[in-house]
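The block underneath contains the structure these notes are about, expressed in structure tokens.
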Amino acid sequence: MFRYPTEEISENIKFYQSEYKEGMTTKLPDESEFQECLNTCFSNTEKDFSEKIKIIKLFKSNGKVLDFGCSWGYEALQLQNNGFDVTGFEISKSRTDFGKNKLGLTILDDYSLLHSIKDESFDIVFSNHVLEHLPSLYSIFEMFYRLLNRNGYLIIFVPNCSGIEKHEVFNAKKSYAFGEKHTMAFDNLFFKQNLSRYGFEVKCTSSPYDINNLFNKEESPYDTEYSELFVLCRKVS
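Counting from 2, one number per residue, gives the positions in the sequence shown under my numbering.
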């Protein structure tokens, strides 16, 4: 499901400079909040991404990562602290500047900079709750494929808009975001049908995640039915 009419990339970029507000995802921390995050390494905060980093490490323990849609860099920093060589991408100039100036991260803020990166530059392309905000994905999928090494991984997390917990995604508090901030509503079939066309081997599962037993459909017949969808894609051709 997607919003129609679709918008131009330029309109999408303009919206995310100042109009988009999404709580902890976009809010820049004040100095005390920032220091607390650094002192605790984000542990036990809403920006603690240790679970997802453990998932990433199941497939690549190190290497070059593109964090696509990295906000002000809180996840990119945690990836970096766990041994990854991280390049971020974020279209919001204010969040990009914060991550570069306060965290010393490498963050690109223009699609032209991504397009100028040579082929097969990354071992992992990672995107956490970003793709649902974009007006079109086909050129993005092509770019991900080009930037990944052979046998590299595209790792995606998005809201799961089908299944037995879809009421959690489309509840009264959250549903307004679809059509305004979220231009697309995904299910696992969208990724399986589309990303396979670009030369990816695709697997999907959903939260909560059993780190030691991902993608086991025989034991968990509802493993793509819950509120967050995890899409694992390996570049195979």
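Virtual Cβ for every residue (Gly too), placed ideally from N, Cα, C.
Integer Cβ distance of residue i from residue j, believed to fall under 8 Å
i, j, result
"Gly-89", "Cys-71", "4 Å"
"Gly-153", "Phe-123", "6 Å"
"Ile-108", "Gly-74", "6 Å"
"Leu-230", "Ser-207", "5 Å"
"Lys-103", "Phe-35", "7 Å"
"Ile-56", "Tyr-210", "6 Å"
"Lys-65", "Asp-86", "5 Å"
"Glu-133", "Met-185", "5 Å"
Buried/exposed call for residue i, threshold 16 Cβ in 10 Å
i, result
"Gln-79", "buried"
"Leu-149", "buried"
"Leu-106", "buried"
"Arg-151", "exposed"
"Leu-39", "exposed"
"Ala-173", "The pLDDT assigned to Ala-173 is 48, lower than 50, so where the model puts this residue is not dependable; a value taken from the coordinates is nonetheless given after this. Counting Cβ neighbours within 10 Å, Ala-173 comes out exposed, since fewer than 16 surround it."
"Tyr-139", "exposed"
"Leu-114", "exposed"
"Glu-32", "exposed"
Beta-bridge partners of residue i, as assigned by DSSP
i, result
"Lys-65", "Asp-86"
"Phe-231", "Phe-158, Thr-206"
"Lys-236", "Phe-201"
"Ile-108", "Gly-89"
Element boundaries [beta strand (DSSP E), containing residue i]
i, result
"Phe-142", "No beta strand (DSSP E) holds Phe-142; the alpha helix (DSSP H) holding it covers 139-148."
"Ile-125", "123-129"
The alpha helix (DSSP H) enclosing residue i, as first and last residue numbers
i, result
"Asp-98", "94-104"
"Glu-52", "51-58"
"Ser-113", "112-116"
"Thr-41", "32-41"
The region 197-205 touching the region 230-237, judged by at least three CB pairs closer than 8 Å: Look at the beta carbons and you see the region 197-205 touching the region 230-237: at least three pairs across the two are nearer than 8 Å.
Validate contact between the region 127-145 and the region 192-199 using beta carbons, cut 8 Å, 3 pairs: Enough Cβ pairs lie closer than 8 Å, so yes.
contact_flag[the region 123-132, the region 146-162] where n(CB pairs < 8 Å) is 3 or more: These segments touch.
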